[in-house]
Ligand code: NZQ
Ligand code: ZN
């Protein structure tokens, strides 16, 4: 097991009715800015629940932070934070609203051009950002219990990320009842995103970090078991609760401790969202199978372990199992209603591979993956395989 440090300061408040605890979790006397997305919280009752819990408090609000949060939109919120001397941010939404809030928390205390935080990128240290909490409305990204955030800038077709120990939420409220109003497309996205988070921290090399491997395998198995119930049945609280907690556990830092990780699928996938607006999770389903095929020789032992332990495949050679594992993974994405070829999403895919290759060269991302040996030329080939 590799050396590691682990500190996750986010307090998780999980369960039904827990949104009411906002009244005690946010410091008394705080000037609060509530941030939200395109309006789902107004139609499903979450907005009212939040505002009831905050009654009597000094509250401002800023809506319109849509999927793949846009830098220019966030600058509007930054003005309010500065004008009104906001002291606490509350994100009420999915990964996009939470990520936007993390960026604002950092930008509020940063003197330079806010985009520096993403383009340099600047890691926010503890105490360097405004404090913020979250009410999670869409289980998927794990953003509610990690310090990462991803922001888009449509003007330049960029989607960039940052993180830092000062960018964890102070608390996150996870009430599985929020799942009732989530459309099927977003539920499928949530499962696929969390599934890929577990994969990216697992599908590398055989490791002696047995517990982390088994944590990751448990998340994968639980997501596989939960997905059909979540997508095909009426709302069930316990199914929603498992789905929600799997998504949080998939990316709260625990799985990646003591092991090497490979975030290539995410790095490439973000480009597809930046160019074509494809939902984040779907970009991962497009890239993951090609990535694992292309890097088969390096990953086949781990792919075979995944085949055995996650899919109960016991027959055949190591290579046979590893190949079947990729087929199973792709079939799982299909079972969610998610297509796995770029051409399923856009007719304009030609030239995408070269464009991503060039973007990676320009950013000097010359080696990605667990051993930093995937070059921009390799990335080009992986993207071509996903056409
Ligand atoms: O905007 P509203 O009207 O609220 O609707 C949203 C949005 O259209 C809707 N929604 C959310 N909760 C709902 C609901 N609809 C009905 N009922 C509810 N309870 O769902 C739509 C998608 O929301 P969004 O927040 O964009 O989805 P998601 O949570 O998948 O977040 C995606 C963003 O997170 C980033 C992605 O790159 C993308 O920008 N990621 C963040 C990560 C992190 N911080 O750790 C890691 C991930 O890998 C990912 O990169
Ligand atoms: Zn993701």
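Numbering (this note's numbering), first residue to last: 110 to 496.
Glycine included, C-beta positions come from ideal geometry on N, C-alpha and C.
It should be emphasised that the depicted structure is a prediction, and the values quoted were computed from it without experimental measurement.
How about the segment 323 to 336 and the segment 369 to 377: do they share at least three Cβ pairs that are nearer than 8 Å? Contact check between the segment 323 to 336 and the segment 369 to 377: fewer than three CB pairs, one atom from each, fall below 8 Å, which does not count as touching.
- Query: When DSSP builds the beta bridges, which residues end up paired with residue 262?
  - Reply: The secondary-structure analysis by DSSP pairs residue 262 across a beta bridge with 267.
Residues of its chain near residue 384, where Cβ-Cβ distance is below 8 Å and the 5 sequence neighbours each way are ignored = 266, 461 and 464
Residue 114 to residue 235 span [Cα, whole Å]: When rounded, the distance between both Cα atoms is 15 Å.
Those residues, in chain order, that have a beta-carbon closer than 7 Å to some heavy atom of the ligand ZN | Ordered by chain, the residues meeting the criterion of a beta-carbon within less than 7 Å of a non-hydrogen atom of the ligand ZN are 250, 302, 305, 306, 375, 389, 390 and 393.
Quick one: what's got a C-beta closer than 6 Å to residue 210's C-beta in the same chain, skipping five residues either side?
144, 198, 200 and 241
Reduced DSSP category for residue 120 - H, G, I as helix; E, B as strand; rest coil
strand
Counting only runs that start and end within the segment 154 to 215, where is the alpha helix (DSSP H) found for 4 or more residues in a row? Those alpha helix (DSSP H) runs which fall completely within the segment 154 to 215 and span 4+ residues are 155 to 162 and 180 to 192.
Which residue marks the beginning of the beta strand (DSSP E) containing residue 140, and which one marks its end? 140 to 145
Who are the near neighbours of residue 315 in its chain, counting only those whose CB is closer than 8 Å to its CB and skipping five residues on each side?
410, 411 and 414
Q) When the distance is taken between beta carbons, is residue 445 closer than 9 Å to residue 301? A) yes
As a quick exercise: from 228, 291, 478 and 351, pick the residue whose alpha carbon is nearest that of residue 202. Among 228, 291, 478 and 351, the Cα nearest to that of residue 202 belongs to 291.
Practice task
Please indicate yes or no: does the CB of residue 208 lie closer than 8 Å to some heavy atom of the ligand NZQ?
Solution key: yes
Consider the C-beta atom of residue 403 and the heavy atoms of the ligand NZQ; say whether any pair is separated by less than 8 Å.
no
Residue environment, residue 214, which counts as buried when at least 16 other CB atoms sit within 10 Å: Counting the other Cβ atoms within 10 Å of the Cβ of residue 214 gives 16 or more, which makes it buried.
Determine the closest residue to residue 257 out of 352, 204, 313 and 308, with distance taken between C-alpha atoms. Nearest C-alpha to residue 257: 204.
_Sheet register partners of residue 281 (DSSP bridge)_ = In the DSSP output, where bridge partners are listed per residue, residue 281 has 121 and 243.
- residue 63 CB to nearest heavy atom of the ligand NZQ below 8 Å: Residue 63 falls outside the range modelled here, since the chain spans only 110 to 496, and no answer is possible.
Do residue 248 and residue 353 have their beta-carbon atoms positioned less than 9 Å apart in this structure?
For residue 353 and residue 248, yes; Cβs fall inside 9 Å.
Review point. When DSSP builds the beta bridges, which residues end up paired with residue 477?
Key: According to DSSP, which records beta bridges pairwise, residue 477 is partnered with 483.
* To do: Using only alpha-carbon positions, find the residue among 132, 343, 164 and 351 that is nearest to residue 124.
  => 351
If I'm right that residue 276 touches residue 305 with Cβ under 8 Å, what's the distance once you round it to whole angstroms?
-> Here residue 276 is actually not in contact with residue 305; their C-beta atoms are around 21 Å apart, not less than 8 Å.
Report task. Determine the DSSP secondary structure at residue 136, reduced to helix, strand or coil. Result -> coil
- Task: Using 10 angstroms around the beta-carbon of residue 441, count the other beta-carbons present and answer buried if the total reaches 16, otherwise exposed.
- Result: buried
Can you grab the Cα-Cα spacing for the pair residue 272 / residue 173, in whole Å?
23 Å
Inset, instruction - Starting from residue 436, trace the alpha helix (DSSP H) both ways and give me its first and last residue. - result: 427 to 444
Distance CB(residue 491)-CB(residue 403) smaller than 9 Å | yes
Requested in this report: Just tell me which of 416, 287 and 438 has its CA closest to the CA of residue 497.
Outcome: Any property of residue 497 remains undetermined from this structure, which presents the chain solely from 110 to 496.
Suppose contacts are defined by Cβ-Cβ distances below 9 Å. Is residue 259 in contact with residue 136 by that definition? Residue 259 places its beta carbon 9 Å or farther from that of residue 136.
If contacts are defined as beta-carbon pairs under 8 Å, then residue 280 and residue 134 qualify, I think. What distance do you get, rounded to the angstrom? 5 Å
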